[in-house]
Every structure is written in C-alpha cells, then in structure tokens.
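**Student:** Quick one: structure below, then a few questions.
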Ligand SMILES: Cc1ncc(COP(=O)(O)O)c(C=O)c1O
C-alpha cells in the first residue's frame, strides 16, 4: 500500500497488490440483521458468517494470503517428526528475529499458556504496558496477577502522542521497587497494544524498559502478534528510522527481549504461533511443555501447510507495501468518521478503527454494556461485524462484582488486504448514520454468562425493544436500500 497524490491534490491510498481470488459476501436486509443479532445473543462472536456483510471482528486468521503463501503450502513436508517444513520455518524466524531458538505452538494463547506455566508463581505479578484478554486469563489461572503500566496518555481516547503504547518508566521502576525481583513473574511489552486501540510502542521506550529489566533481573517478554503495525509506525513516526529496513528494526527490538512470542494468525497472515528465545536455560524450560500441550517440536499443533504459509508470510511482513494497508485504511476510516463527528481513538493505530462507546452511547449505563450495545447496533446499521472491547471483555472481580473497563470501545478491525476503499467508505457512512441516531441505541443484559472469557460466547438481550426501533428508523431513512 502506498499513498499517491491525485490531480486534485488529494492524497489517496493505493493498493500495491491485485486480487487473485474473491469470496462472495451478502448484505442482508436490515430486518434480517436484527433477527440474526438477537439470535446471536447480541454477541457479534455468535453471528454466522452467512449473515455478515463486512467481517471486521478481527484480523486473526483472516488476513488475505499472498499467492506465494498458497504456493508454498503445496511443498509442505508432512511428518510427525523431522519435517523439512519445520526447518524452513525455523530458518526464516531465526533470520528475521535474530534469536537462537524457535518453539512452535498452535496459536498465540498457547504460547501464553506455556510462558505463564514457566514464569508465573502464585502471588507473583506480571507487569505489562497493557493486558490482552487471553494473556491475563493465563496469568491469573496460574495464581498470578497483572499490573498495567502503560503511559497515562495511552489510557486517553484522544491524544497526539505517536506511541501511546509506551510503558510509563516511572511506574515500571516503582513496581520493581514495590514487588522486588522475586515478586515479579515477568515484564511484558505488547507490540501495537491491542485493547487501547492498536497503539504502538516506541523504540526508545523499549530500550529503556529493557535496560531496567536487565539491571534488575526481570525477564522481558515481547508479544509480537501485532509487530507488523508497530514496525510501520516506528518507520513512519520516528524520524530516526525513516530509512531503516523492517528487518533491522525487528532485530533491534528482539535483541532487547528474553522471550518473543506471537500469534501467526496475525503476524505472518497464516494460522499458528511460536516463541523465540536466545537463552538456553529458558529454552529448555519452555521446550519441555511444548510436546505436552501442543505436539511434537517440529509442528507444535500447527498444520504443516500453515507453517509453510507462515514462513513466507513472516518474510513478507518485512515488506512495507505488504503491511501498510491496515494502518493506512485505519487512518482513512478514523479520519472520515472523525470528520463526521464520530468519536474515535486518536491517533489512529493499527489493527482497526476504535470507536469510543462512552462518548457515542454515554446515555447507556456502563453496567448495561454500552460497547457491546454499540457493536450490536453497528451490525444492524450496516451488516458490519465489529468486536466489543470494553466491560464485556473484562473478567468479573473475585467477589463477582463487575469490573468496568477503563475504555469502552467498539473495534472495527481491518484485516490485511481484505477490504476495498469503497467498503471502508460504506462503513463510515453507516456508522455516521448510527451516530446521528445514537439516542435509539439501548443497553444489554446477560442471559448466559460464562465465567472465563465471557465475551466469546456469553449471550445477552436488549433491555428494551431498541433493535427493532433502530431498524424501523433505518427503513425510514434509507427506504428499500440494503
Ligand atoms: C496482542 C495479542 N496477543 C495474543 C493474542 C492471542 O493470539 P491467538 O488468538 O493466536 O491465540 C492476540 C489475539 O488476538 C493478540 O491480539
């Protein structure tokens, strides 16, 4: 993806790829959309794809793959042990990340499981710029807890700071002084910090965190799942890296880390995951758990074909034209929404456009899950499936009380090279319409609430008949348009 200037002077995103294969999608009438979301317990995770027009739930496992990735899948060497595919993948990862050892796992959370089992003891704290849902669940399941030490600016919806995912160095020093080395399981930096709006971490900040962790003996873990976006932002927002190539930026980052892990459903546009380390002792501890939870060391629960696709995908991640469509489209969508008065997280980050549900739906009490309600309403308005990233995505406190999210967001993910600019413009239009009619959106309440990761398959209902009322307004305004 590049930006080019048109004759009019306007600067527009231009795709640096052509479409080789397409998949039919359907935009159902608004009445059907209401029926589908109600049947799905007002939870966008429970919608069926046949009812969804634009699937903006996540980028996980749904980035478009390149023809080179598909071609590589055909040369897979399928074998329980000793597969040549594994050695090809291992060579690419060691080369790109510059680390000594690679361990495969079936996805990102599988790495989190193994890392938590090795490093978390009951009563210890894992420090991090910000949590991710599955990360936190694995740490707490091991009897640990988490402490988020992202910069104050990272917790603000709107800001000019280019690297809002940065760790607050004062808070890091304070946490180490308070807990002591033995009270800390590890420090974790999440690239392209997911839950605060896909916000990147600066190189200078990582350097400082790494220095402090090394001085105090705290292991530093890097979640590289959203590395691609973070690389793009380092290159485009930090003048010192304007001329640097992606691989040298990647290696500079990984040289500061003790463990690097990733979800290849995101990084590398395939399906799988893995961990990289350089320290032999740590490698051996992690390695022992891979066959137990994942599978033999040369496949780690992954399909061999996906591993071939991952090897190519990781190499392609080092090409800025490959990884830039998401951040450029996120910026385009955020800017268009902001221009129409819709409150979005700024500066635009990676991964997707994040809408501030607190500002959008401030009339809905937080206890009635305003971000979840907005996600359901966005589906009704445009057949657009986004993801609630707010209180529903939190876990209840141990005493059963609700833990209210600091930010109530609706995330509209933009998987790599999947959507066109006209689809993005359509989304902006329907969300702007919804914003104009936001007073019609009402709250939600749980009907079925799982204890762990309730956002995945919890079922809710609307507290009033607002979905049908919203659909009637849609008909009034759009006539027989879909
Ligand atoms: C930052 C981050 N870490 C970890 C994970 C977990 O990865 P997976 O979905 O492959 O288990 C995700 C998934 O979305 C993520 O965004």
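Numbering (our numbering), first residue to last: 27 to 508.
Think of the CB as a built atom: it goes at the ideal place given N, C-alpha and C, for glycine as much as any other residue.
Considering Cα atoms alone, identify which of 145, 56, 500 and 430 is closest to residue 392.
**Tutor:** Ranking the options by Cα distance to residue 392, first place goes to 430.
**Student:** Tell me whether the segment 226-234 and the segment 208-217 touch, counting them as touching only if at least three CB pairs, one residue from each stretch, are closer than 8 angstroms.
**Tutor:** The segment 226-234, when compared against the segment 208-217, does touch it at the 8 angstroms Cβ threshold.
**Student:** Please report the straight-line C-alpha distance between residue 62 and residue 378, rounded to a whole angstrom.
**Tutor:** Each residue's alpha carbon lies about 24 angstroms from the other.
**Student:** Could you tell me the distance, in whole angstroms, from the CA atom of residue 342 to the CA atom of residue 122?
**Tutor:** Rounded to whole angstroms, residue 342 to residue 122 spans 11 angstroms at the Cα level.
**Student:** Relative to the C-alpha of residue 476, which candidate in 502, 419 and 36 has its C-alpha closest?
**Tutor:** Among 502, 419 and 36, the Cα nearest to that of residue 476 belongs to 419.
**Student:** May I ask you to report which of helix, strand or coil DSSP gives residue 30?
**Tutor:** In the structure shown, residue 30 sits in a strand (DSSP, three-state: E or B).
**Student:** Is any heavy atom of ligand 1 found at a distance shorter than 6 angstroms from the C-beta of residue 128?
**Tutor:** Not so, every heavy atom of ligand 1 lies at least 6 angstroms from the Cβ.
**Student:** Would you check if there are 3 or more beta carbon pairs closer than 8 angstroms linking the segment 185-195 to the segment 111-122?
**Tutor:** Too few Cβ pairs lie closer than 8 angstroms, so no.
**Student:** So, with DSSP's three-state summary, where would you put residue 385?
**Tutor:** Helix at residue 385.
**Student:** Name the DSSP bridge partner or partners of residue 153?
**Tutor:** Answer is 173 and 213.
**Student:** Do residue 95 and ligand 1 come close, with the Cβ less than 6 angstroms from some heavy atom?
**Tutor:** Incorrect: residue 95 has no Cβ contact closer than 6 angstroms to ligand 1.
**Student:** Tell me whether residue 101 is buried or exposed, calling it buried when 16 or more other Cβ atoms sit within 10 Å of its Cβ.
**Tutor:** Exposed, by the Cβ-count rule.
**Student:** DSSP on residue 439, reduced to helix/strand/coil?
**Tutor:** Strand, per DSSP.
**Student:** For residue 270, which residues from the same chain have a beta carbon less than 7 angstroms from its beta carbon, with the 5 sequence-adjacent residues on both sides left out?
**Tutor:** Counting only Cβ-Cβ distances below 7 angstroms, and skipping sequence neighbours, we find 261.
**Student:** Hey, is residue 220 close to ligand 1, as in C-beta under 6 angstroms from one of its heavy atoms?
**Tutor:** At least one heavy atom of ligand 1 is nearer than 6 angstroms to the Cβ of residue 220, so yes.
**Student:** Can you tell me which of 277, 295, 409 and 347 puts its alpha carbon nearest to the alpha carbon of residue 125?
**Tutor:** Considering only alpha carbons, the answer is 277.
**Student:** What would DSSP say about residue 130, mapped onto helix, strand or coil?
**Tutor:** Three-state result, residue 130: strand.
**Student:** Please return the same chain residues whose Cβ sits closer than 8 angstroms to the Cβ of residue 306, not counting the five positions on each side in sequence.
**Tutor:** Here the set comprises 126 and 127.
**Student:** May I ask you to verify whether the segment 396-414 touches the segment 199-212, counting CB pairs closer than 8 angstroms and requiring at least 3?
**Tutor:** Contact between the segment 396-414 and the segment 199-212 is absent, because fewer than three Cβ pairs lie under 8 angstroms.
**Student:** Starting from residue 261, trace the alpha helix (DSSP H) both ways and give me its first and last residue.
**Tutor:** Counting along the chain, the alpha helix (DSSP H) containing residue 261 begins and ends at 253-263.
**Student:** With hydrogens ignored, establish whether the beta-carbon of residue 67 is closer than 6 angstroms to any heavy atom of ligand 1.
**Tutor:** Checking every heavy atom of ligand 1 against the Cβ of residue 67, none is found closer than 6 angstroms.
**Student:** To the nearest angstrom, how far is the alpha carbon of residue 141 from that of residue 312?
**Tutor:** Their backbone Cα atoms lie some 7 angstroms apart in a straight line.
**Student:** Examine the Cβ distances between the segment 64-76 and the segment 472-490 and report whether three or more of them are shorter than 8 angstroms.
**Tutor:** Contact holds: three or more Cβ-Cβ distances are below 8 angstroms.
**Student:** Cβ of residue 178 within 6 angstroms of any heavy atom in ligand 1?
**Tutor:** Because no heavy atom of ligand 1 lies under 6 angstroms away, the Cβ of residue 178 does not count as near it: no.
**Student:** Given residue 136, which residues of its chain have a CB within under 7 angstroms of its CB, disregarding the five upstream and five downstream residues?
**Tutor:** Cβ within range, chain order: 299, 319, 320 and 327.
**Student:** Under the three-state reduction of DSSP, which class applies to residue 225: helix, strand or coil?
**Tutor:** Residue 225: strand per DSSP, three-state reduction.
**Student:** Would you kindly report the start and end of the unbroken beta strand (DSSP E) that includes residue 309?
**Tutor:** Unbroken run through residue 309 is the alpha helix (DSSP H), 306-319; no beta strand (DSSP E).
**Student:** Using C-beta distances below 8 angstroms, list every residue in its chain close to residue 59, excluding the 5 sequence neighbours before and after it, in chain order.
**Tutor:** 77, 405, 406, 409 and 497.
**Student:** When the Cα of residue 390 is compared with those of 349, 469 and 449, which residue comes out closest?
**Tutor:** Out of 349, 469 and 449, 469 has the C-alpha closest to the C-alpha of residue 390.
**Student:** I believe residue 221 touches residue 158 by the beta-carbon criterion, under 8 angstroms. Please report the beta-carbon distance rounded to the nearest angstrom.
**Tutor:** With 8 angstroms as the limit, residue 221 and residue 158 qualify as a contact, their Cβ atoms being about 6 angstroms apart.
**Student:** Assign residue 206 to one of two classes, buried (16 or more other C-beta atoms within 10 Å of its C-beta) or exposed (fewer than that).
**Tutor:** Exposed is the call here.
**Student:** Would the segment 324-340 count as touching the segment 85-103 if we require 3 or more Cβ pairs under 8 angstroms?
**Tutor:** These segments touch.
**Student:** Report the option in 108, 195, 373 and 347 whose CA atom is closest to the CA atom of residue 182.
**Tutor:** When each option's Cα is compared against that of residue 182, the closest is 373.
**Student:** In whole angstroms, give me the CA-to-CA distance for residue 434 and residue 113.
**Tutor:** Going by the C-alpha atoms only, they are around 43 angstroms apart.
**Student:** If the criterion is Cβ atoms closer than 7 angstroms, does the pair residue 236 and residue 282 meet it?
**Tutor:** Yes. Within cutoff.
**Student:** Should residue 192 be listed as close to ligand 1, given that the test is whether its C-beta is under 6 angstroms from any heavy atom?
**Tutor:** The answer is no for residue 192.
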